[in-house]
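Numbering (this note's numbering), first residue to last: 577 to 1025.
Glycine included, every Cβ here is placed at the ideal spot set by N, Cα and C.
Working notes for the structure below.
What follows is the structure, given as structure tokens:
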């Protein structure tokens, strides 16, 4: 469990804003409301009702005019008594309000402590708690929708359905073990069907990479010779002039990063200096940074200029796991069929004209396909490596159980594998977990959430 004390934190982002919120949770939340907030109307605090009034410090001096709301346990975010103080979003005012609450007996909340208390009090399971952080950090509308679906229990319900298959299968085996002398027969077909159904459902979850891709995004480096059209291609993908484009080779000297939404996936496009034997120290440094950016990227777009001789660019082919972007397809090509075949043998290819523009949508689709962006609408996405690791263990245990059934091995062995699967699936929603796992999850949260 946790120490039942009262915590407080600023819940809105740093910096000035129209509104700022200070959040309090714990047994003394309502007493603190009386201590720091003077309502225009007296009486007991009604839960979930906004009150207008003034905030005062420990000496009674006015800090701000604002609103207060009390949410009584267990009908609050944390499951405890919660107080929210809404004032003007001045960092100075918010800091003074927080200092007043701490002087009155609250303590500063740790990162993610409000959501951790919500989990420990049964208001959220672990997948929903993780969805809170995913939603806060969402970089595209699709990422936000995915996180909201998980917060509303989409993944939890799917996992509980799988668990029901496992519980039923385990019950079949336990009945055989406990009442074998009373001629309680084990139905191998029914048992195998439950195990297979659970295994297939887990495999479908693992095959859906959408959630992690939406959360983590992709870093995509544009690589190629000078004047191959890398900067023009970045501008075409972004839909705006974000990189300088000139006919002069070597215009891009440093690494330029631009964030863009590609099919709902947050992508960081990295424009780099052209790869060649640079003549001056500045360009040599730019080339070195270009090579480093390509090595660190999740994907590389190797931009090749089909309007220039292939021999000038041939040394780049095959150097990295990349999509070959055959640029300037609107101009007369100076490549032979053998040249194109050599590139196609080393990389998936997409024809584009960055300036026309042509082929940009096809490039976006190729980028997502290369990233492994595969998903199904009827299967909820995973959003953390922890969820994927736990379900991978479930799948391994179910494959072992299925193999034992196929080999007609003793039911004791099947029971061991099914129990392992049940324990691992319990870690997905937090029915089975440890303090170390919880600490690792919630320390990634911001303070105040």
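Where does the unbroken alpha helix (DSSP H) through residue 1021 begin, and where does it stop? Following the DSSP letters along the chain, one finds residue 1021 in no alpha helix (DSSP H), marked with neither H nor E.
Looking at the unbroken alpha helix (DSSP H) that takes in residue 721, where does it start and where does it end? Residue range 717 to 727 is occupied by the alpha helix (DSSP H) that includes residue 721.
As an exercise, report each continuous alpha helix (DSSP H) stretch of at least 4 residues that is fully enclosed by the segment 901 to 956, in chain order. Those alpha helix (DSSP H) runs which fall completely within the segment 901 to 956 and span 4+ residues are 913 to 922, 936 to 946.
Under 7 angstroms between the Cβ atoms of residue 1004 and residue 961? Contact: no.
Do you know whose CA, among 677, 687, 668, lies nearest residue 1024's CA? Closest option to residue 1024, Cα to Cα, is 687.
Buried or exposed for residue 811, going by 16 or more other Cβ atoms inside 10 Å? It counts as buried.
Residue 699: first and last residue of the uninterrupted alpha helix (DSSP H) it sits in: It is not in any alpha helix (DSSP H) - residue 699 carries neither H nor E in the DSSP assignment.
Look at the alpha carbon of residue 986 and the alpha carbon of residue 775, and state the distance between them as a whole number of angstroms. C-alpha separation (whole angstroms): 20 angstroms.
Would you call residue 595 buried or exposed, if buried means 16 or more other Cβ atoms sit within 10 Å of its Cβ? Exposed is the call here.
Of all the options 883, 900, 1000, 793, which has the alpha carbon lying nearest to the alpha carbon of residue 841? Taking only the C-alpha atoms, the option nearest residue 841 is 793.
Determine the extent of the beta strand (DSSP E) in which residue 835 is found, giving its start and end residues. That run of the beta strand (DSSP E) goes 832 to 838.
Out of 737, 714, 707, which has the shortest C-alpha to C-alpha gap to residue 725? Looking from the CA of residue 725, the closest CA among 737, 714, 707 belongs to 707.
Output needed for residue 837: all residues of its chain with C-beta closer than 7 angstroms, excluding positions within five of it in sequence on either side, in chain order. Taken in chain order, the residues that qualify are 716.
Considering just the uninterrupted stretch of the alpha helix (DSSP H) at residue 892, what are its terminal residues? That residue, residue 892, is in no alpha helix (DSSP H); it is neither H nor E in DSSP.
To the nearest whole angstrom, what separates the beta carbons of residue 643 and residue 628, a pair I think is in contact under 8 angstroms? The beta-carbon distance between residue 643 and residue 628, rounded to whole angstroms, is 6 angstroms. This is short enough to meet the 8 angstroms contact definition.
If distances are taken between C-alpha atoms only, which option among 767, 636, 641 comes closest to residue 751? Between residue 751 and the set 767, 636, 641, the nearest pair of CA atoms involves 767.
Coarse secondary structure for residue 800, derived from DSSP in three states: For residue 800, the secondary structure class from DSSP, reduced to helix, strand or coil, is strand.
Beta-carbon separation (whole angstroms), residue 599 vs residue 690, contact threshold 8 angstroms: Contact between residue 599 and residue 690 holds: their C-beta atoms lie close to 7 angstroms from each other, under 8 angstroms.
Rounded to whole angstroms, what is the Cα-Cα separation between residue 999 and residue 973? In a straight line, the C-alpha of residue 999 is about 10 angstroms away from that of residue 973.
In the DSSP assignment, find the unbroken alpha helix (DSSP H) run with residue 579 in it and report its ends. Run containing residue 579: none; DSSP gives neither H nor E here.
Looking at the C-beta of residue 605, does it have a partner C-beta in chain B at a distance below 7 angstroms? Of the protein chains in the structure, only one exists, and it is not chain B.
Going by DSSP, which residues form a beta bridge with residue 842? 837.
I'd like to know whether the C-beta atoms of residue 892 and residue 796 end up nearer to each other than 7 angstroms. No; because the gap between Cβ atoms is not below 7 angstroms, this pair is not in contact.
Applying the 10 Å Cβ sphere with the 16-neighbour rule, what's the burial state of residue 954? Residue burial annotation: residue 954 is exposed, with fewer than 16 other C-beta atoms found within 10 angstroms of its C-beta.
Contact check, residue 713 vs residue 653 under 8 angstroms by CB: the rounded distance? Here residue 713 is actually not in contact with residue 653; their C-beta atoms are around 18 angstroms apart, not less than 8 angstroms.
Assuming the contact rule is C-beta atoms closer than 8 angstroms, residue 741 and residue 773 should be a hit. Round their C-beta distance to whole Å, please. At roughly 5 angstroms, the Cβ-Cβ gap stays under 8 angstroms, so residue 741 and residue 773 are in contact.
Ordered along the chain, which non-local residues of its own chain (more than five positions away) have a Cβ less than 6 angstroms from that of residue 882? The answer, listed in chain order, is 902, 904, 909, 911.
Sub-7 angstroms separation of residue 900 and residue 934 beta-carbons: Against a cut-off of 7 angstroms, the Cβ pair of residue 934 and residue 900 comes out as no contact.
Return the first residue and the last residue of the alpha helix (DSSP H) that residue 600 is part of. Not the alpha helix (DSSP H): residue 600 falls in the beta strand (DSSP E), residues 593 to 601.
For residue 1016, count neighbouring C-beta atoms within 10 Å of its own C-beta (all shown protein chains included) and say buried if the count is 16 or more, exposed if not. Counting of Cβ neighbours within 10 angstroms places residue 1016 among the exposed residues, the total staying below 16.
Are there 16 or more other CB atoms within 10 angstroms of the CB of residue 835, so buried, or fewer, so exposed? Exposed: under 16 other Cβ atoms inside 10 Å.
Please report the residue range of the alpha helix (DSSP H) in which residue 642 lies. Here residue 642 belongs to no alpha helix (DSSP H); instead the beta strand (DSSP E) covers 638 to 647.
Do residue 621 and residue 658 have their C-beta atoms within less than 7 angstroms of each other? Against a cut-off of 7 angstroms, the Cβ pair of residue 658 and residue 621 comes out as no contact.
Exposure of residue 581, with buried meaning 16 or more beta-carbon neighbours within 10 Å: By the neighbour-count rule (16 or more Cβ atoms within 10 Å), residue 581 is not buried but exposed.
Less than 7 angstroms between the beta carbons of residue 682 and residue 584, yes or no? Going by C-beta atoms, residue 682 is nearer than 7 angstroms to residue 584.
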